[in-house]
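The structure appears below as C-alpha cells.
There are 2 protein chains.
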Amino acid sequence: MSVRVPGCELCESPGGEVLHQGTQFRVVLVADQHYPGFCRVIWRDHVKEVTDLSELDRMLLMDVLWQVEHVVREVMQPEKINLASFGNMVPHLHWHVIPRYTDDAHFPAPVWAESKRQPSAASLERRHERLPALRAKMQERLSTYL
Amino acid sequence: MSVRVPGCELCESPGGEVLHQGTQFRVVLVADQHYPGFCRVIWRDHVKEVTDLSELDRMLLMDVLWQVEHVVREVMQPEKINLASFGNMVPHLHWHVIPRYTDDAHFPAPVWAESKRQPSAASLERRHERLPALRAKMQERLSTYL
Numbered sequence: 135m136s137v138r139v140p141g142c143e144l145c146e147s148p149g150g151e152v153l154h155q156g157t158q159f160r161v162v163l164v165a166d167q168h169y170p171g172f173c174r175v176i177w178r179d180h181v182k183e184v185t186d187l188s189e190l191d192r193m194l195l196m197d198v199l200w201q202v203e204h205v206v207r208e209v210m211q212p213e214k215i216n217l218a219s220f221g222n223m224v225p226h227l228h229w230h231v232i233p234r235y236t237d238d239a240h241f242p243a244p245v246w247a248e249s250k251r252q253p254s255a256a257s258l259e260r261r262h263e264r265l266p267a268l269r270a271k272m273q274e275r276l277s278t279y280l
Numbered sequence: 135m136s137v138r139v140p141g142c143e144l145c146e147s148p149g150g151e152v153l154h155q156g157t158q159f160r161v162v163l164v165a166d167q168h169y170p171g172f173c174r175v176i177w178r179d180h181v182k183e184v185t186d187l188s189e190l191d192r193m194l195l196m197d198v199l200w201q202v203e204h205v206v207r208e209v210m211q212p213e214k215i216n217l218a219s220f221g222n223m224v225p226h227l228h229w230h231v232i233p234r235y236t237d238d239a240h241f242p243a244p245v246w247a248e249s250k251r252q253p254s255a256a257s258l259e260r261r262h263e264r265l266p267a268l269r270a271k272m273q274e275r276l277s278t279y280l
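The listed protein sequences derive, respectively, from chains L and Z.
Residue 280 is where the first sequence ends in our numbering, and the numbering goes up by one at each step.
Residue 280 is where the second sequence ends in our numbering, and the numbering goes up by one at each step.
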C-alpha cells in the first residue's frame, strides 16, 4: 500500500518527464532550460527523511541514485555532479542530480544561489542535444530496477 | 596510501571542528553562526564524485552520512534535514548535513539562496546550546567506525 498525502506535489504529479517508473521510486528529467540533464530520483511514498526509510529501501534509493549519477556523467559529460536532497518546500523524499559546467548560469555556486551569468546559447544547445541519448541510456541502465 | 592534492582545502585542512576521525573519512562541525549543528562528512582521499568510489567505500561513506543525519535529527530536532554534495569549488568529496528550521535565515529555500530573514537571537541561542550534546552523541555513535 502506498503512502500518499493529499496536496503533496510529488504524491499527486510526476514532478518531471518520467524516464523510469519503478515500484517504489521513479526517475524524472526536469524541464529546466538552463540545466538540461537535471534529473530527480523520487521515492513513491510520502517519506520525509532518508533516515525514515528502512535500511533495504534506503539501499535501493541510493543505488538508483548512483545509477542515475553514472548515466548523467556518461552522457552529459559535466564538469561536476551536484547532488542534493532538501524537501523544505515539498517534504517528500527526492534527490536532485544536476550536471554542472564551468560556463553554466551559477557555477561554481549551487544552482539555488544567485545567477552569475547567462549561459551561451550554443553551449546550452549542445547539452540539449544529448537528451535523447540520456533518455535511452537511463531507461537501459534502470531496466532491471523494478 | 592516501591521495592528496596540494592546494586542496580539504586535503590540507580539517574543514571544521573534527568530531570523529576515521581512517577513510572524518566528520566535522561547521562554524556557521546561522546554522548551529551544520556537519560535514569528508572523504579522506581527494576523490571528485561519489561514483568514483568503489562500492565498498561508497557504502561506508553513505552509512556514515546516515549516522550523522540520525544524530543531528535526534539532538538538533530540526524541521528538516538538508543533504548536499556539490564540490564545484572544492572537488574533494564531502557531504553537507544541515538542520533546518522554519525560522532560520533561508527557510524554505536552500542555505545557498538569498537570505530571507535574520533569525531570532533566542532561537539561535537555543540551538547553539545543543552543540555539546551533539559533539558527545556524534562521538558515541561513530565510535565503532574506524
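Beta carbons: idealized from backbone N, C-alpha and C, even for Gly.
Note that the structure is predicted; figures quoted are calculated from it, not measured.
Judging by CA-CA distance, which residue of L280(Z), Q158(Z) and P253(Z) is the nearest neighbour of Y169(Z)? The shortest C-alpha separation from Y169(Z) is found at P253(Z).
Using the three-state DSSP reduction, which class does A165(Z) fall into: helix, strand or coil? It is coil, neither helix nor strand.
Quick one: using the 10 Å Cβ neighbour count with 16 as the cut-off for buried, is T185(L) buried or exposed? Label assigned to T185(L): buried.
Whole-angstrom C-beta distance between P212(L) and P244(L), which should lie under 8 Å: That belief does not hold up - the Cβ atoms of P244(L) and P212(L) are roughly 14 Å apart, past 8 Å.
For Q155(Z): DSSP bridge partner residues: According to DSSP, residue pairing for Q155(Z) in a beta bridge involves R160(Z).
Partners in chain Z for S219(L), counting only beta-carbon separations shorter than 9 Å: Ordered by position in chain Z, the residues that pass the 9 Å Cβ test against S219(L) are I215, N216, L217 and A218.
Which residue from Q167(Z), K182(Z) and F159(Z) puts its Cα closest to that of R174(Z)? With distances taken between Cα atoms, R174(Z) lies closest to F159(Z).
Counting beta carbon pairs with one atom in the region 189 to 207 of chain L and one in the region 204 to 219 of chain Z, are three or more of them shorter than 8 Å? Taking a cut-off of 8 Å for Cβ pairs, the region 204 to 219 of chain Z and the region 189 to 207 of chain L do not touch, as fewer than three such pairs fall below it.
Which residues does DSSP list as the beta-bridge partners of H226(Z)? Beta-bridge pairing links H226(Z) to no other residue.
Should H204(Z) be flagged as near chain L, meaning a C-beta pair shorter than 8 Å? With 8 Å as the cut-off, H204(Z) counts as an interface residue toward chain L.
Nearest-angstrom Cα separation, counted from E259(Z) out to V161(L): Spanning the alpha carbons of V161(L) and E259(Z) requires a straight line of approximately 41 Å.
Return the bridge partner residues of P170(Z) from the DSSP annotation. Partner(s): none; P170(Z) has no beta bridge.
For F172(L), which residues of its own chain have a beta-carbon under 6 Å away from its beta-carbon, when the five flanking residues on both sides are left out? Cβ-Cβ distances below 6 Å link F172(L) to V164, D166 and I232 in the same chain, with the five nearest sequence neighbours on each side left out; the list follows chain order.
Along the chain, which unbroken stretches of the beta strand (DSSP E) at least 3 residues long are found entirely within the region 169 to 212 of chain L? DSSP runs (the beta strand (DSSP E)) wholly in the region 169 to 212 of chain L: 173 to 177.
Local conformation of K271(L) per DSSP, three classes: Assignment of K271(L) by DSSP, reduced to helix, strand and coil, places it in the helix class.
Specify the secondary structure class of S219(Z) as computed by DSSP and reduced to three states. Reduced to three states, the DSSP call for S219(Z) is strand.
For K214(L), which beta-bridge partners are listed by DSSP? For K214(L), which the question treats as bridged, DSSP gives the partners R234(L).
Against chain Z, with Cβ distances strictly below 8 Å, would M223(L) count as a contact? At least one chain Z Cβ lies under 8 Å of M223(L).
Chain L contacts from the region 233 to 246 of chain Z (Cβ-Cβ distance under 7 Å): Those residues of the region 233 to 246 of chain Z placed with their C-beta closer than 7 Å to a C-beta in chain L are R234, F241, P242, A243, P244 and W246, ordered along the chain.
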